[in-house]
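>
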Amino acid sequence: MYGFAGRLANYFIDSKLTPIIILVSLALGLFAIVATPKEEEPQIIVPMIDIMIAYPGATPEEVERRVVAPLEKKLWELKDIEYIYSASMEGMAIVTARFYVGTNPVKALVDLNTKMMSAMDVAPPGVILPPLVKPKSIDDVPILTLTLWGKNYDSYDLRRMAEALENEIKKVQNVADVFIVGGRPREIRIILDPNRLSAYRISPLYIAQLIQSANAQTVSGKIVQGGKEFVVRTGEFLKSKEDVENIVVGVFGGRPVYLKDVATVVDGPSEVKDYVLMGFGPKHEEKGIKGVKPGELYPAVTIAVSKRVGTNAVEVANEVLQLVDHLKGKILPKDLSITVTRNYGETAKEKSNELLEHLFIATFSVILLIAVALGVKEAIVVGIAVPVTLAIALFLSHMFGFTLNRVTLFALIFAIGILVDDAIVVVENVHRWFELKLAKTPREAIVRATDEVGNPTILATFTVIAALMPMAFVSGLMGPYMRPIPINASVAMFFSLLVAFIITPWASYLFLRKDFDKGHEKEEINIKETTFWKIYSRIMVPL
Numbered sequence: 071m072y073g074f075a076g077r078l079a080n081y082f083i084d085s086k087l088t089p090i091i092i093l094v095s096l097a098l099g100l101f102a103i104v105a106t107p108k109e110e111e112p113q114i115i116v117p118m119i120d121i122m123i124a125y126p127g128a129t130p131e132e133v134e135r136r137v138v139a140p141l142e143k144k145l146w147e148l149k150d151i152e153y154i155y156s157a158s159m160e161g162m163a164i165v166t167a168r169f170y171v172g173t174n175p176v177k178a179l180v181d182l183n184t185k186m187m188s189a190m191d192v193a194p195p196g197v198i199l200p201p202l203v204k205p206k207s208i209d210d211v212p213i214l215t216l217t218l219w220g221k222n223y224d225s226y227d228l229r230r231m232a233e234a235l236e237n238e239i240k241k242v243q244n245v246a247d248v249f250i251v252g253g254r255p256r257e258i259r260i261i262l263d264p265n266r267l268s269a270y271r272i273s274p275l276y277i278a279q280l281i282q283s284a285n286a287q288t289v290s291g292k293i294v295q296g297g298k299e300f301v302v303r304t305g306e307f308l309k310s311k312e313d314v315e316n317i318v319v320g321v322f323g324g325r326p327v328y329l330k331d332v333a334t335v336v337d338g339p340s341e342v343k344d345y346v347l348m349g350f351g352p353k354h355e356e357k358g359i360k361g362v363k364p365g366e367l368y369p370a371v372t373i374a375v376s377k378r379v380g381t382n383a384v385e386v387a388n389e390v391l392q393l394v395d396h397l398k399g400k401i402l403p404k405d406l407s408i409t410v411t412r413n414y415g416e417t418a419k420e421k422s423n424e425l426l427e428h429l430f431i432a433t434f435s436v437i438l439l440i441a442v443a444l445g446v447k448e449a450i451v452v453g454i455a456v457p458v459t460l461a462i463a464l465f466l467s468h469m470f471g472f473t474l475n476r477v478t479l480f481a482l483i484f485a486i487g488i489l490v491d492d493a494i495v496v497v498e499n500v501h502r503w504f505e506l507k508l509a510k511t512p513r514e515a516i517v518r519a520t521d522e523v524g525n526p527t528i529l530a531t532f533t534v535i536a537a538l539m540p541m542a543f544v545s546g547l548m549g550p551y552m553r554p555i556p557i558n559a560s561v562a563m564f565f566s567l568l569v570a571f572i573i574t575p576w577a578s579y580l581f582l583r584k585d586f587d588k589g590h591e592k593e594e595i596n597i598k599e600t601t602f603w604k605i606y607s608r609i610m611v612p613l
């Protein structure tokens, strides 16, 4: 009677299912490498929500006492909140609620909104309701930044080009957000003339109210005629400088007074809020940048792109860059320089590929050592088992929702040394059974050799898993960051055990059975005559 390991080996040693299992496992591993999103770091879900409350005319102390303190007290009633940060200033407050790691972001936002809405009736008079609520996440960090610059363009021109490009980038699938830093946005500025206002007896506040009401459009009704329905709209949004200039702000002497009669309307760049300048060092030509002087600064505008949660940073970055190349010469001038100042997708790809390369190097090194210690055929047997185990581990990592990043790949590199243990134990015991010819046939020798080391191998494997798994329950920010290591390593260990009992006997029977007849009958060996004993005794005896 065989044990668990022996029964598996006996069933799969000459089964036609075994090579199919190998091919399917390798195919799933290749699929996982291609399909799994690539990132530098693991995804950590830490929901954070900003609440911005306007309280015009209130001092920071009043904002703190009448708005922030009651709101914080209300928010602490939510069970998933870990920290609350707040800042009170003149006429407004910003409260940031940070939830526990792993909290569902949608649930956190719904719970917070529900709690706030239930407290609207106790808000002090003068507070502008509802407050502005903006959720934040780690994925808001840009994966790609493009800097627009050129000798022939100022910050105003660059800003307008960036805004046109921003609208196109937002159409790319899996792009979550796009924002612009630097440049001077377009602004219609109204400069009132105090003397004219006094002459026409018009107040600045009245003009502000008129401009606000003029920049509106409403539906006045519907007309049904001839089987058709017509929507009647009144008013129109302000679209140009002329629209603003022709707003009627009063009547004087029986004639309408237009805004241009009491003010100067300027359509142009606004005041600078963010400065972005582009400069280059002495080795700029190595990057393909020509015609610039080292140390000279040029006006620039930066576009930052962030991706959606769970998407591949490499694919999103490549799609955006392809779009930018396509738009060059269409909505963007050909002489405009666009420099990629950050490409998280490229660095994620490089680091993932580098770690995959190290994974293959580690695997090859282990197989080479086995070839030196046991033999080439034995190394081939182990060389089949290791890629199959890694392929299954990568596929299951993909199914668990992990991304391909430095931590998940480190887990597999870390596990390489112990992944081969089970296969090596089985192969080495098969080698011993063949050498000593302890069975009548190679098939029987392989099955019995596998069964002989089955129970100790199972215990050793689960001991390692038991040592690794506690790391999966670490709390705080380090929990989800480190979790791929114990999970991936434990999964790889478990399947390395199954592979050792299923694939390794099959491969041993395929490659080693011809060596069975080269073995010899078991003989009594005097250990004191062996080389090992002679070296050991010389080292261990007293001087």
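First residue of the sequence shown: 71, per this note's numbering; consecutive thereafter. We put the beta carbon where it would ideally sit given N, CA and C, even for glycine.
1. Could you give the C-beta distance for V384 and F581, rounded to a whole number, given that I count them as a contact under 8 Å?
2. Three-state secondary structure (DSSP) at M610?
3. How would you label K419, buried or exposed, when you count the other beta carbons within 10 angstroms and need 16 or more for buried?
4. If distances are taken between C-alpha atoms only, which option among S578, Y606, R553 comes closest to I516?
5. Beta-carbon within less than 8 Å of F602's beta-carbon, same chain only, minus the 5 sequence neighbours each way: which residues are those?
6. Count the other CB atoms within 10 Å of the CB of V165; is the residue buried (16 or more) or exposed (fewer)?
7. Indicate the three-state DSSP secondary structure (helix, strand or coil) for T88 in the structure shown.
8. Quick one: residues in its chain with C-beta nearer than 6 Å to the C-beta of L267, no 5 flanking neighbours on either side, listed in chain order?
9. Decide yes or no for the touch test of the segment 455-474 against the segment 563-573: beta carbon pairs closer than 8 Å, at least 3 of them.
10. At what residue ranges does the segment 149-211 contain a whole run of the alpha helix (DSSP H), taking only runs of 4 or more?
11. Could you name the residues of the same chain whose beta carbon sits closer than 6 Å to that of Y153, not counting the 5 residues immediately before and after it, in chain order?
12. Suppose you measure from the CA of L474 to the CA of M539; what does that come to, to the nearest Å?
13. Does DSSP put E599 in a helix, a strand or coil?
14. Verify whether the separation of the beta carbon atoms of T531 and V495 is less than 8 Å.
15. Alpha helix (DSSP H) containing F82: first to last residue?
16. Enumerate, from N- to C-terminal direction, the unbroken alpha helix (DSSP H) stretches of 4 or more residues contained entirely within the segment 227-291.
17. I believe A570 touches D492 by the beta-carbon criterion, under 8 Å. Please report the beta-carbon distance rounded to the nearest angstrom.
18. For the alpha helix (DSSP H) that S435 lies in, which residues bound it at each end?
19. By the three-class DSSP mapping on this structure, what secondary structure does K592 have?
20. To the nearest angstrom, how far is the alpha carbon of E110 from that of N388?
21. Which residue's Cα is closest to the Cα of M187: P195, L199, P194?
22. May I ask you to report which of helix, strand or coil DSSP gives K604?
23. Residues in its own chain within less than 7 Å of I83 by CB, not counting five upstream and five downstream?
24. The beta strand (DSSP E) that contains V336, what's its start and end?
25. Whose C-beta lies closer than 8 Å to the C-beta of Y551 among residues of the same chain, with five residues either side of it excluded?
26. CB-CB under 6 Å to P339, same chain, minus the five flanking residues each way: which ones, in chain order?
27. What is the DSSP secondary structure of Q113, reduced to helix, strand or coil?
28. I need the straight-line Cα distance from S273 to V319, nearest angstrom please.
29. Locate the beta strand (DSSP E) running through G68, then write down its first and last residues.
30. How would you call W146, buried or exposed, if buried means at least 16 neighbouring beta carbons within 10 angstroms?
31. Among residues of its own chain, excluding the 5 on either side of A542, which ones have a beta-carbon nearer than 7 Å to its beta-carbon?
32. On the DSSP letters alone, give me the boundaries of the beta strand (DSSP E) that L391 sits inside.
33. If we call anything under 8 Å between Cβ atoms a contact, is L439 one with H501?
34. Quick check on the burial criterion: 16 or more other C-beta atoms within 10 angstroms. Buried or exposed for E341?
35. Is the separation between the beta-carbon of L78 and that of I572 shorter than 8 Å?
36. Would you mind sorting A536 into buried or exposed? The rule is 16 or more other CB atoms within 10 Å of its CB.
Put simply:
1. In fact, because the Cβ distance is near 39 Å, the residues do not count as touching under 8 Å.
2. helix
3. buried
4. S578
5. none
6. buried
7. helix
8. V332
9. yes
10. 175-187
11. R168
12. 20 Å
13. helix
14. no
15. 74-82
16. 264-270, 274-284
17. 4 Å
18. 414-443
19. Since pLDDT at K592 reaches only 49, below the 50 mark, its modelled position is unreliable, and the value read off the structure follows with that caveat. K592: coil per DSSP, three-state reduction.
20. 16 Å
21. L199
22. helix
23. R513, I516, V517, P575, W576, Y579
24. 333-339
25. E111, P112, I114, V477
26. Y226, R254
27. coil
28. 10 Å
29. No information on residue 68 is available, as it lies outside the stretch 71 to 613 that the chain covers here.
30. exposed
31. R553, P556, I557
32. Segment 383-397 is the alpha helix (DSSP H) holding L391; no beta strand (DSSP E) there.
33. no
34. exposed
35. yes
36. exposed
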